[in-house]
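In the working numbering, the protein residues as written are 1265 to 1349.
Below, the structure written as structure tokens:
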């Protein structure tokens, strides 16, 4: 099974934590394997070129930034990444 490397970028604000929980829920519902890391270090966040959080990085690519997506949008982004990795 393919495992995705997912990073939630954000300082730990409510939206960042919400996005992290949504990612975990979507992975469970879609029966996908992934390592999920919550990156709170601003230098590391900025290394991805992200200016607004929360942001979602899958396998090194920034997929979403600046807001918490709808569950449908998040599911679409994660399942698409799983198919291409």
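Beta carbons: idealized from backbone N, C-alpha and C, even for Gly.
Of the choices the options, whose alpha-carbon is the least far from that of residue i?
i	options	result
residue 1301	1295, 1314, 1276 and 1313	1276
residue 1298	1272, 1336, 1333 and 1310	1272
residue 1345	1322, 1337 and 1335	1322
residue 1329	1313, 1269 and 1267	1313
residue 1309	1285, 1325 and 1288	1325
residue 1268	1335, 1295, 1337 and 1281	1295
Classify residue i as helix, strand or coil using the three-state DSSP reduction.
i	result
residue 1296	coil
residue 1329	strand
residue 1267	strand
residue 1301	strand
residue 1341	helix
residue 1314	coil
So, is residue i buried or exposed, given that buried needs 16 or more other C-beta atoms within 10 angstroms?
i	result
residue 1348	exposed
residue 1306	exposed
residue 1315	exposed
residue 1284	buried
residue 1319	buried
For the ligand FAD, is there a heavy atom less than 7 Å away from the beta-carbon of residue i?
i	result
residue 1291	This structure does not include the ligand FAD; it has no bound ligands of any sort.
Throw me the rounded Cβ distance for the residue i and residue j pair, which I believe falls under 8 Å.
i	j	result
residue 1279	residue 1332	5 Å
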